[in-house]
Amino acid sequence: MSANDTNIEKEAKRHSPALLGIAGVLTFAALLFVGFTLFGPSTEEDSLVIPPTIEANDG
1230 MSANDTNIEK
1240 EAKRHSPALL
1250 GIAGVLTFAA
1260 LLFVGFTLFG
1270 PSTEEDSLVI
1280 PPTIEANDG
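Residue numbers (our numbering): 1230 to 1288.
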């Protein structure tokens, strides 16, 4: 059962920090998603393989 005498303005004021926090986290997650999508590692297999190093032997 819900309360009949709920003050909507008071409840909105009470919950505004939590709602701003949720909006901030969602914005941050969206920025991370876009950043990793655009600037993340490529899917080419050549970039995943590290070529072996060859050392010169003088003696």
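In this text, a Cβ means the ideal position worked out from N, Cα and C, and glycines have one as well. These numbers come from a predicted model, not from an experiment.
Secondary structure of residue i, DSSP reduced to three states
| i | result |
| --- | --- |
| G1269 | coil |
| E1240 | helix |
| A1259 | helix |
| S1246 | In the sequence under discussion, the amino acid at residue 1246 is Pro, which differs from the Ser named in the question. Helix at P1246. |
Spatial distance of residue i from residue j (CA atoms)
| i | j | result |
| --- | --- | --- |
| A1252 | E1238 | 20 Å |
| A1258 | A1241 | 24 Å |
| H1244 | L1255 | 17 Å |
| S1193 | L1267 | The question about residue 1193 has no answer, for the chain in this structure spans 1230 to 1288. |
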